[in-house]
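These notes concern the structure reproduced below.
There are 2 protein chains.
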Amino acid sequence: MKLSDFQGQWDERADVVVVGYGIAGACAALEAKRAGGDVLVLERASGGGGASASSSGIFYLGGGTDVQKACGYEDDAEEMFKFLAASTECADKQAVRDFSLGSVAHFDWLESLGVPFERTSFKGKAVFLDTTECLFSTGNEKVWPYHLIARPAPRGHKVAGIGENAGAEAMKAILARCAEEGVPALYDCAVTELVQDDDGRVVGVLARQDGRQIAVRARKGVVLSTGGYNLNTEMVRRNVPLMSDTAVPLGIPSNDGAGIELGVAAGAATLAMDGIIATASIYPPGQLIKGILVNRNGERFVAEDSYHGRTASYVMEQPEQTAYLILDAEIFAYPEITSAQHALIDGWETVEEMEAGLGLPGGSLVNTLERYNADARAGEDSVFHKHADWLKPLDQGPFAAFDISFNKSIYLFMTLGGLKTNRHAQVIDRQGRVIPGLYAAGACSAHIPHSGKSYASGMSLGPGSFFGRVAGAHACAAE
Amino acid sequence: MKLSDFQGQWDERADVVVVGYGIAGACAALEAKRAGGDVLVLERASGGGGASASSSGIFYLGGGTDVQKACGYEDDAEEMFKFLAASTECADKQAVRDFSLGSVAHFDWLESLGVPFERTSFKGKAVFLDTTECLFSTGNEKVWPYHLIARPAPRGHKVAGIGENAGAEAMKAILARCAEEGVPALYDCAVTELVQDDDGRVVGVLARQDGRQIAVRARKGVVLSTGGYNLNTEMVRRNVPLMSDTAVPLGIPSNDGAGIELGVAAGAATLAMDGIIATASIYPPGQLIKGILVNRNGERFVAEDSYHGRTASYVMEQPEQTAYLILDAEIFAYPEITSAQHALIDGWETVEEMEAGLGLPGGSLVNTLERYNADARAGEDSVFHKHADWLKPLDQGPFAAFDISFNKSIYLFMTLGGLKTNRHAQVIDRQGRVIPGLYAAGACSAHIPHSGKSYASGMSLGPGSFFGRVAGAHACAAE
Numbered sequence: 063m064k065l066s067d068f069q070g071q072w073d074e075r076a077d078v079v080v081v082g083y084g085i086a087g088a089c090a091a092l093e094a095k096r097a098g099g100d101v102l103v104l105e106r107a108s109g110g111g112g113a114s115a116s117s118s119g120i121f122y123l124g125g126g127t128d129v130q131k132a133c134g135y136e137d138d139a140e141e142m143f144k145f146l147a148a149s150t151e152c153a154d155k156q157a158v159r160d161f162s163l164g165s166v167a168h169f170d171w172l173e174s175l176g177v178p179f180e181r182t183s184f185k186g187k188a189v190f191l192d193t194t195e196c197l198f199s200t201g202n203e204k205v206w207p208y209h210l211i212a213r214p215a216p217r218g219h220k221v222a223g224i225g226e227n228a229g230a231e232a233m234k235a236i237l238a239r240c241a242e243e244g245v246p247a248l249y250d251c252a253v254t255e256l257v258q259d260d261d262g263r264v265v266g267v268l269a270r271q272d273g274r275q276i277a278v279r280a281r282k283g284v285v286l287s288t289g290g291y292n293l294n295t296e297m298v299r300r301n302v303p304l305m306s307d308t309a310v311p312l313g314i315p316s317n318d319g320a321g322i323e324l325g326v327a328a329g330a331a332t333l334a335m336d337g338i339i340a341t342a343s344i345y346p347p348g349q350l351i352k353g354i355l356v357n358r359n360g361e362r363f364v365a366e367d368s369y370h371g372r373t374a375s376y377v378m379e380q381p382e383q384t385a386y387l388i389l390d391a392e393i394f395a396y397p398e399i400t401s402a403q404h405a406l407i408d409g410w411e412t413v414e415e416m417e418a419g420l421g422l423p424g425g426s427l428v429n430t431l432e433r434y435n436a437d438a439r440a441g442e443d444s445v446f447h448k449h450a451d452w453l454k455p456l457d458q459g460p461f462a463a464f465d466i467s468f469n470k471s472i473y474l475f476m477t478l479g480g481l482k483t484n485r486h487a488q489v490i491d492r493q494g495r496v497i498p499g500l501y502a503a504g505a506c507s508a509h510i511p512h513s514g515k516s517y518a519s520g521m522s523l524g525p526g527s528f529f530g531r532v533a534g535a536h537a538c539a540a541e
Numbered sequence: 063m064k065l066s067d068f069q070g071q072w073d074e075r076a077d078v079v080v081v082g083y084g085i086a087g088a089c090a091a092l093e094a095k096r097a098g099g100d101v102l103v104l105e106r107a108s109g110g111g112g113a114s115a116s117s118s119g120i121f122y123l124g125g126g127t128d129v130q131k132a133c134g135y136e137d138d139a140e141e142m143f144k145f146l147a148a149s150t151e152c153a154d155k156q157a158v159r160d161f162s163l164g165s166v167a168h169f170d171w172l173e174s175l176g177v178p179f180e181r182t183s184f185k186g187k188a189v190f191l192d193t194t195e196c197l198f199s200t201g202n203e204k205v206w207p208y209h210l211i212a213r214p215a216p217r218g219h220k221v222a223g224i225g226e227n228a229g230a231e232a233m234k235a236i237l238a239r240c241a242e243e244g245v246p247a248l249y250d251c252a253v254t255e256l257v258q259d260d261d262g263r264v265v266g267v268l269a270r271q272d273g274r275q276i277a278v279r280a281r282k283g284v285v286l287s288t289g290g291y292n293l294n295t296e297m298v299r300r301n302v303p304l305m306s307d308t309a310v311p312l313g314i315p316s317n318d319g320a321g322i323e324l325g326v327a328a329g330a331a332t333l334a335m336d337g338i339i340a341t342a343s344i345y346p347p348g349q350l351i352k353g354i355l356v357n358r359n360g361e362r363f364v365a366e367d368s369y370h371g372r373t374a375s376y377v378m379e380q381p382e383q384t385a386y387l388i389l390d391a392e393i394f395a396y397p398e399i400t401s402a403q404h405a406l407i408d409g410w411e412t413v414e415e416m417e418a419g420l421g422l423p424g425g426s427l428v429n430t431l432e433r434y435n436a437d438a439r440a441g442e443d444s445v446f447h448k449h450a451d452w453l454k455p456l457d458q459g460p461f462a463a464f465d466i467s468f469n470k471s472i473y474l475f476m477t478l479g480g481l482k483t484n485r486h487a488q489v490i491d492r493q494g495r496v497i498p499g500l501y502a503a504g505a506c507s508a509h510i511p512h513s514g515k516s517y518a519s520g521m522s523l524g525p526g527s528f529f530g531r532v533a534g535a536h537a538c539a540a541e
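As given, the protein sequences belong to chains A and B, one line each in that order.
Letter 6 of the first sequence, counting from 1, is numbered 68 in my numbering, and no numbers are missing.
Letter 36 of the second sequence, counting from 1, is numbered 98 in my numbering, and no numbers are missing.
Written out as structure tokens, the structure is:
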């Protein structure tokens, strides 16, 4: 609303008002506080943590972190930047560069807060780690053509917590530090409106707490850090309709896009709203990558050694979102992570029987396998450039197929689109101008990757925490 | 319409009916005829040629053509495939591979028809060639990161004709050969409907000629080769709304999407309908590439040595589609090809004055240039990786700026989207199945590049002629 229409009194005042207490909000608040700002966090839930606390706790960071060094991996910021610049859709290369160049120092900062990271690495193919091991490969760094552009290094840094919700260990540490350093927060407090002065500057927010409205003045800025929108059925239907049928949102109920809607009402532009990372991985175990994926025309369509989210993106582009994982007896195994998700269709003695059993066009799978096997024997996948490590002829019958079709398996998804921001985490309006006093970070702003083809695990917590800090510092420094 | 609803008699019969007599249609017809098929071309205009005849006559071909060899360039089909696989959005890698592997033979085939290609090359930066020179670089092969993925080679093969419509020389030769070999055509004949049997197979077409309806039976297949849709105002507004304001379609009036609509009415899927190549090049002369491009925030946004269509795509993503070409006195020149298109805004003695004169945020251009100049002195563009050949500090005042904003310059555009096809040029329906008896090639089918970011000059005539032949041969071979 306009400041001139605001009739009431300010109930609270702060330099920097942070909306949402997940990782981006917590980092923004702490950084603003440390810069001498008077900070107030408004959180809709009854405590901090957000979706970050129920995440798997992976931070995409690199450039030579202490963990990378301890585990014997060479990396530098330029290689990380080159990889991200080439593989992600983000057009703001300056922001990508800031993140890459600042990544080592940011890792140290997180660790200084007490976020636990082991000096250990996992060398296999995993989606989640059920152990406390830290470093593993979570993106397409080793996938063609990216390994030709930048020297690959594992950059997924997992917090030392057990299970699929290790993110809680990170949030516990960061929130404890926020409390220690005197960051105040109001809980059960949902922001309903941004207040803008005649110049469009955001000068405060209206919120509801315990059934009453409160008005909070923000002298220097408001940071939106409210998470994604994948639990908002209507926004999902409108922006990513395919996800609204059978895919399962990965998040918490408050991932309803509230911050995106607040920003848009204040004039903000959005970016990449059709972007999602969805997945139902074929690995682990890694040996399944030696199989091939075919569509209902019996044709391959992706390098099978792609990051699982990249593979899933290609599955969604296939006819009727249908795809099969084809294995021979030598490499057969049940997908571990997804044993409940991908159905074993059947086993067959010959390729011809498998082709018929899957209802594929006559000769299609036979041709595809002939060609693939010839390539595998020659040690080079001539069409999709799957790495030679994963090439072997599929010629040891019997053969088996798993159904990894989009509507036959459980695909989990997160949204990647949100408010458009610049490298300072300032929100941009629909004419390309900065909205003074408004910042966004984390999943309510557009991610660096705009699609599952370029996402890597850790690209939410990593840039979310980084640009949260950027927002808090920049807002605090504002006049 | 359904065959069962078709009450009339067939006025004409052929094995393969080709709709549209531009490059794709002519190549389809000739190939079908040579394969022993009974062919009939239906063309809406009063003669053959289509938009191909008014094009600049560039074929994107490579892999070691006789011209490439004669001019001393090393190329091979694998390098061409790797470049196209990495740089274009086409997910059908098999089709891209067929085109790459078949490219040398296709060049020989075109030449065997009498299409004239000199054994000459042009080594500068050009958009069109006003000479009869053949080979020049027309894509992003040398642009980061593509030069790391595949060995660059020039692949634009221009027909030996003078001026911007050298495509006429190609069409003259091919149409003459079609006539010699007895390809019959009906002119002033607009196809209005496809006729499908109960299984969905396309078995004929209805057309209007001289005010009367004629029905043409197609025993083996119908090839749609009717061109793009950029002259169809309504389709442009719906699919690429930005183009409907000030951009100028590059084509002929019959580029109205008629074939796309025929296909869709028969159940076809479309692909990349929001794709366009638009351009208002900053070069020639090449020295202008040593300038920088900034948006209204004073920030760079693209490697300035990109193919002109790639640069234009990024311009369109900037705030208010606004961009400026910044030059210093040492490299100042008027853009030659676009002298009527880009306005010189002004000259200024200092960067500070230029920043103020352009209305850029205080300090923004100064900062951008400081950083760029430091990079140029170090010989490496750390953010956008412009090739070192084009790097020099912009420090020789006075300074000048051209306005290359989308609504301030004349941007020419072509559409890249169309019917979805497979590697055999068969049209795919919305469930991912082949529509039996229906083929599409050329600009009424989706191009290999789906955006200006990945287009190269010659990616219309090259694949259009290649997959025209594929369609004609496959249709003729059908039972």
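Think of the CB as a built atom: it goes at the ideal place given N, C-alpha and C, for glycine as much as any other residue.
In this text the structure is predicted, and so the values were computed from the model without any measurement.
So what's Lys220 (chain B) in DSSP terms, helix, strand or just coil? Looking up residue 220 (chain B) in the second sequence gives position 158. Reduced to three states, the DSSP call for Lys220 (chain B) is strand.
CA-to-CA distance, Val79 (chain A) to Met63 (chain A), given in whole angstroms: Locating residue 63 (chain A) in the first sequence gives position 1, counting from the first residue. Locating residue 79 (chain A) in the first sequence gives position 17, counting from the first residue. Using only the alpha carbons, I get a separation of about 17 Å.
Please list the terminal residues of the continuous beta strand (DSSP E) segment that includes Cys251 (chain A). Locating residue 251 (chain A) in the first sequence gives position 189, counting from the first residue. Cys251 to Gln258 is the extent of the beta strand (DSSP E) around Cys251 (chain A).
What residues from chain B crowd round Arg159 (chain A), counting only those whose CB sits closer than 7 Å? Your numbering for residue 159 (chain A) matches position 97 in the first sequence. In chain order: Val445.
List the residues of chain A whose Cβ lies closer than 7 Å to the Cβ of Leu210 (chain B), in chain order. Taking the first residue of the second sequence as position 1, residue 210 (chain B) is located at position 148. Within 7 Å Cβ-Cβ: Leu210 and Ile211.
Hey, Ala188 (chain B) and Pro346 (chain B) are a contact pair by Cβ (cut 8 Å); roughly how many whole angstroms apart? Counted from its first residue, the second sequence places residue 188 (chain B) at position 126. Counted from its first residue, the second sequence places residue 346 (chain B) at position 284. Going by Cβ atoms, the distance from Ala188 (chain B) to Pro346 (chain B) rounds to 6 Å, so yes, they are a contact pair.
Of all Cβ atoms in chain A, is any one closer than 8 Å to the Cβ of Ser401 (chain B)? Counting from one through the second sequence, the residue named residue 401 (chain B) turns up at place 339. Annotation note: pLDDT 47 at Ser401 (chain B) (below 50); position unreliable, no value reported.
What residue from A:Thr332, A:Leu237, A:Gly459 and A:Glu392 has the CA that sits closest to Cys506 (chain A)'s CA? Working through the first sequence from its first residue, we reach residue 506 (chain A) at position 444. Of the listed residues, the one whose Cα sits closest to Cys506 (chain A) is A:Thr332.
My output table needs one value for Ser519 (chain A): the three-state DSSP class, helix, strand or coil. Residue numbering aside, residue 519 (chain A) sits at position 457 when the first sequence is read from its first letter. Looking at Ser519 (chain A) - three-state DSSP - the assignment turns out to be coil, as it is neither helix nor strand.
Compare the C-beta of Tyr376 (chain A) with all C-beta atoms of chain B and state if any pair is closer than 8 Å. Here the question's residue 376 (chain A) lines up with position 314 in the first sequence. Yes - at least one Cβ of chain B is within 8 Å of the one on Tyr376 (chain A).
If the cut is a Cβ gap below 7 Å, which residues of chain A does Glu361 (chain B) touch? Here the question's residue 361 (chain B) lines up with position 299 in the second sequence. Result: Gln156.
Return yes when the Cβ of Ala502 (chain B) is within less than 8 Å of the Cβ of Gly325 (chain B), no when it is not. Counting from 1 along the second sequence, the entry for residue 325 (chain B) is found at position 263. Counting from 1 along the second sequence, the entry for residue 502 (chain B) is found at position 440. Yes.
Kindly list, in the order they appear in chain B, the residues whose Cβ is closer than 9 Å to that of Ala269 (chain A). Counting from 1 along the first sequence, the entry for residue 269 (chain A) is found at position 207. The premise fails here: Ala269 (chain A) is roughly 31 Å from chain B at the closest Cβ pair, so nothing lies under 9 Å.
Looking at chain B, which residues of the stretch 371-397 of chain A have a Cβ within less than 8 Å of any of its Cβ atoms? Tyr376, Glu379, Gln380, Pro381, Glu382 and Thr384
Give the residues of chain A in contact with Ala4 (chain B), contact being defined as C-beta atoms less than 7 Å apart. The first residue shown for chain B is 63 and the last is 541, placing residue 4 (chain B) beyond what the model contains.
Taking Cβ positions only, does Arg495 (chain A) come closer than 8 Å to chain B? Within the first sequence, numbered from 1, the residue matching residue 495 (chain A) stands at position 433. Closer than 8 Å to some Cβ of chain B, the Cβ of Arg495 (chain A) qualifies, so yes.
Sort B:Glu105, B:Phe169 and B:Thr150 by Cα distance to Arg548 (chain B) and report the nearest one. Residue 548 (chain B) lies beyond the range of chain B shown here (63 to 541); nothing can be said about it.
Where Ala153 (chain A) meets chain B, residues with beta-carbon distance less than 8 Å: Within the first sequence, residue 153 (chain A) is the residue found at index 91, counting from 1. Correct list: Phe363, Tyr376 and Glu379.
With distances taken Cα to Cα, identify the nearest neighbour of Asp128 (chain A) among A:Glu151, A:Ser183, A:Ala115 and A:Gln156. By one-based count along the first sequence, residue 128 (chain A) stands at place 66. Ranking the options by Cα distance to Asp128 (chain A), first place goes to A:Ser183.
Residues of chain B with CB closer than 7 Å to the CB of Arg358 (chain A), please, in chain order. Within the first sequence, numbered from 1, the residue matching residue 358 (chain A) stands at position 296. Residues of chain B passing the Cβ test: Gly494.
Could you round the C-beta distance between Tyr122 (chain B) and Ala340 (chain B) to whole angstroms and report it? I think they count as a contact, below 8 Å. Position 60 of the second sequence, counting from 1, holds the residue named residue 122 (chain B). Position 278 of the second sequence, counting from 1, holds the residue named residue 340 (chain B). Contact doesn't hold; Cβ gap of about 18 Å is too wide.
Are the CB atoms of Ala277 (chain A) and Gly70 (chain A) within a distance shorter than 8 Å? Taking the first sequence and counting its residues from 1, one reaches residue 70 (chain A) at position 8. Taking the first sequence and counting its residues from 1, one reaches residue 277 (chain A) at position 215. Yes, Cβ-Cβ distance for Gly70 (chain A) and Ala277 (chain A) is below 8 Å.
Quick one: Cα of Lys144 (chain A) to Cα of Ala212 (chain A), how far? Reading the first sequence from its first residue, position 82 is the one you call residue 144 (chain A). Reading the first sequence from its first residue, position 150 is the one you call residue 212 (chain A). Cα to Cα, the separation comes out at about 6 Å.
Helix, strand or coil: which one does DSSP assign to Ala342 (chain B)? To locate residue 342 (chain B), count along the second sequence from 1; it is residue 280. If DSSP states are grouped into helix, strand and coil, Ala342 (chain B) belongs with coil.
Kindly indicate the opening and closing residues of the beta strand (DSSP E) around Leu406 (chain A). Locating residue 406 (chain A) in the first sequence gives position 344, where the first residue counts as 1. Residues Ala405 to Trp410.
Looking only at C-alpha atoms, which of B:Ile490, B:Asp491, B:Ser513 and B:Val489 sits nearest to Phe475 (chain B)? Looking up residue 475 (chain B) in the second sequence gives position 413. For Phe475 (chain B), the nearest C-alpha among the options comes from B:Ser513.
Could you work out which residue in B:Ala462, B:Gln403, B:Glu195 and B:Gly134 is closest to Ala391 (chain B) when comparing CA atoms only? Position 329 of the second sequence, counted from the first residue, corresponds to residue 391 (chain B). Per the Cα distances, B:Ala462.
In three-state DSSP terms, what is Ala462 (chain B)? For the purposes of this step, residue 462 (chain B) is taken as residue 400 along the second sequence, with counting starting at 1. It is a strand residue.
Output needed for Ala405 (chain A): all residues of its chain with C-beta closer than 7 Å, excluding positions within five of it in sequence on either side, in chain order. Here residue 405 (chain A) refers to the residue found at position 343 of the first sequence. The residues are Phe464, Asp465 and Lys470.
Just to confirm, are Ala542 (chain A) and Glu379 (chain B) a CB contact at a threshold of 8 Å? Chain A is shown from 63 up to 541; residue 542 (chain A) falls before or after that span and cannot be answered.
Nearest-angstrom Cα distance between Ala76 (chain B) and Arg299 (chain A)? For the purposes of this step, residue 76 (chain B) is taken as residue 14 along the second sequence, with counting starting at 1. For the purposes of this step, residue 299 (chain A) is taken as residue 237 along the first sequence, with counting starting at 1. About 47 Å.
Reference Ala241 (chain B); option with closest CA among B:Ala535, B:Ala537, B:Val101 and B:Pro397: Position 179 of the second sequence, counted from the first residue, corresponds to residue 241 (chain B). It is B:Val101.
Through-space distance from Gly111 (chain B) to Gly321 (chain B), alpha-carbon basis: Along the second sequence, one-based indexing puts residue 321 (chain B) at 259. Along the second sequence, one-based indexing puts residue 111 (chain B) at 49. So the alpha carbons of these two residues sit roughly 16 Å apart.
Is the stretch 222-230 of chain A touching the stretch 111-120 of chain A, taking contact as three or more C-beta pairs under 8 Å? yes
8 Å Cβ cutoff met for Ile338 (chain A) and Thr193 (chain A): Within the first sequence, residue 338 (chain A) is the residue found at index 276, counting from 1. Within the first sequence, residue 193 (chain A) is the residue found at index 131, counting from 1. Cβ distance not < 8 Å, so Ile338 (chain A) and Thr193 (chain A) don't count as in contact.
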